[in-house]
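So for the sequence shown, UniProt numbering puts the first residue at 1; every next one is plus one. Notes to accompany the following structure.
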Amino acid sequence: MDGQNGKSVVCKFCNGYYDFGNEQPVCSTCHAFVYEFCPPAMTDGLMLEEKEASNDSGNEEPERGSDLFSCSTDWYDAFESMDFPTRSTCHRTDPFGVPLHHPPPPASVRLHTRPCPLRPIQMHESPSSAPSSSHIQRTSGLDVSGRSSSSTKSGPVRAKTPSLDELPTEILLHIFNLLDDISLWTLRQTSVRCQQVIDAEIPDQKWSEFVRLRWPLFQPHYRVSSWRLLYLNLMNSVTCRFCLERLRFPILFPVEAPNLRYRRIVHEIKNLCTDPPYGIRVLALDTETYSHCLAGIEGPPQSPYQGGLFYVHVLVPDSYPIRPPVIRFLTRILHPNISFHGDVGMDCIQHNWSLALTLEKLLISVQSLLTDPYTKVCMEPVIGALYTHDIGRFEVLAKLWTWKFACHDYLSVDFVASMELPNYVEQMRQKLSEC
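Right, dumping it as structure tokens:
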């Protein structure tokens, strides 16, 4: 949020201790621990096949002739026939009598390696192992110690660290072709030259594919003038970049899911896709186990969020419907019961979960929460205080947030990119700190 006003965004948990200035509400280190993609609570209901104790005790030796042993060689016999040095042939042994330094192998089995011309000649080495003088003279002014003749007096010359800006454009384009869209977007922010090369060389059609990949429910109602600028606006509207990357993660539960859970979740998602409620769209991201899906919730009429389309990521645990799904907003929204990370503060998806609730009822409850916030218990206390003490400013700021972050399908990319948001939340935070 503060990044819109030119201030650095720090992690809400570590306050920038692990990572600073990444413009994310939660840093990557805290996100890996706090918002685990597949926590153990979501996989407690897995019906794994029980293994009998007689199947494998953990001490069986692999059979000869199996994949670990070749049929043409008896490795046990070969190991027993090996001649190990006795204790008298070694100078040092461990407490069990095993030699610490084996004698060198015979000359017949030594590898004929070419000596390095830059390595200094040791006194104990034989003359045959040292490089010839004619070879040393061909090392472009390098002496035997590996230093140039011009740097022997002034000290060693430190190698210059290569910079990404010094690479030719052709090499940069080859690197860019190997990156995904989020990595390309991140690299665009590293330097001015990378930004210039990406903006000039990456075609607009490529940015259009990136938009459809990350936001499959997005349908513009106008002719997009620049898909690159639209992609940048959409990335600026994301609550958490790490959660956005999870949309294309593989399936959560690669094992066979319980029949009750599978039949119910397939029935619910198919009903949502064929006959969705008013203002709600749903798309299954995993059609094998239906472990997560993407939903689009339109702002209710007569509310500051009217006209906006808010994307929501739904994680369905394997123990569903015994445990509730995890619902997180991917679109930034100013609401007392929705955190800056996108977490929804509703009791029906926490301790008041019921088996009678479905995904359709949960999404309708989230949509109704936008109309009637509950400020007694808030995910963001500062926004709750702004809603309670100055509801006029709250509605103005919430409407501006909706225009900038949730109206990309109606507002032009140039208008959204040029919008500036007032800093009412920071002013309220200062007032609360003074009280």
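Heads up, the beta-carbon is just placed ideally off N, CA and C, and yes, glycines get one too.
| query | result |
| --- | --- |
| Cβ pair count under 8 Å reaching 3, the segment 391-408 against the segment 323-343 | yes |
| Enclosing beta strand (DSSP E) for C293 [first to last residue] | 292-298 |
| Sub-8 Å separation of L359 and P325 beta-carbons | yes |
| Runs of alpha helix (DSSP H) lying entirely within the segment 353-410, each at least 4 residues, in chain order | 359-371, 381-389, 391-405 |
| Proximity of residue 437 and G308 at Cβ, strictly below 8 Å | What the structure shows of the chain is the stretch from 1 to 435, and residue 437 is not part of that stretch, so it cannot be assessed. |
| Simplified DSSP assignment, three categories, for T289 | coil |
| Whole-number beta carbon distance between R246 and I182, since they are thought to touch under 8 Å | Not quite, the Cβ-Cβ distance comes to about 11 Å (not below 8 Å), so this is no contact. |
| Spatially closest choice to L285 from P277, S226, D180, V266, by CA coordinates | V266 |
| C-alpha distance - G384 paired with I297, whole-angstrom precision | 22 Å |
| Cα-Cα separation, E166 to W185 | 20 Å |
| Cβ pair count under 8 Å reaching 3, the segment 186-193 against the segment 204-221 | no |
| Expected contact under 8 Å - CB spacing of L370 and T239 to nearest Å | Actually they do not touch by this definition, with Cβ atoms about 15 Å apart. |
| Inter-residue Cα distance where the pair is E420 and K404 | 9 Å |
| Beta carbon of V413 nearer than 8 Å to that of S225 | yes |
| Host alpha helix (DSSP H) of V197 (start-end) | 192-201 |
| Close-in-space but distant-in-sequence residues of the same chain around C273 (CB under 8 Å, 5 per side omitted) | V282, L283, A284 |
| Contact check, L217 vs L294, beta carbons under 8 Å | yes |
| DSSP state of L230 mapped onto helix, strand, coil | helix |
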